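For the sequence shown, counting from 1, position 57 maps to 60 in the numbering used here; every step adds exactly one.
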Amino acid sequence: MFDRRDWSGVSNSEVAWLLADVARPCLRRRERQLIYLEIGGGDPAAAVEVLLQKVVQRDFPLPIGVRRILEIWLDAYTGAAEEPRLRSLLRQMN
Numbered sequence: 004m005f006d007r008r009d010w011s012g013v014s015n016s017e018v019a020w021l022l023a024d025v026a027r028p029c030l031r032r033r034e035r036q037l038i039y040l041e042i043g044g045g046d047p048a049a050a051v052e053v054l055l056q057k058v059v060q061r062d063f064p065l066p067i068g069v070r071r072i073l074e075i076w077l078d079a080y081t082g083a084a085e086e087p088r089l090r091s092l093l094r095q096m097n
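Dropping the structure here:
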């Protein structure tokens, strides 16, 4: 994935850290460590996808505000190869 800062001003890193913080209760310790490494290592968009997968798998509810930020962030990926997978994960969320 590539880093986009779109009209919303929301970067992959900002979304990844926000989601990692909010989803922390549904992640195992090792999963959190790997997510933090992925974000810090320069692939925050991939970390977001993994986090969304965990949230969906564990039926973990995200606050409406966070979901809205994710939708705005995902609008920057319109037409990208990743978009259908990410939109599908958002639709599957609790």
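Idealized CB from N, CA, C, for every residue including glycine. Owing to the predicted nature of the structure, the values given are computational and were not obtained by experimental measurement.
Range of the contiguous alpha helix (DSSP H) that encloses residue i
i: Pro87; result: Glu86 to Gln95
i: Arg71; result: Ile67 to Asp78
CA-to-CA distance, residue j to residue i, given in whole angstroms
i: Ala48; j: Asp62; result: 21 Å
i: Ala50; j: Gly44; result: 10 Å
i: Met96; j: Pro64; result: 7 Å
i: Gly68; j: Ile75; result: 11 Å
i: Arg90; j: Val18; result: 15 Å
Three-way DSSP call (helix, strand, coil) for residue i in this model
i: Gly44; result: coil
i: Leu30; result: coil
i: Ser14; result: coil
i: Ala23; result: helix
Rounded distance between the beta-carbons of residue j and residue i, thought under 8 Å
i: Arg27; j: Arg33; result: That belief does not hold up - the Cβ atoms of Arg27 and Arg33 are roughly 13 Å apart, past 8 Å.
i: Val53; j: Ile38; result: 6 Å
Point to revise | Touch test, the stretch 57–72 against the stretch 16–35, Cβ-Cβ under 8 Å, three pairs minimum | key: yes
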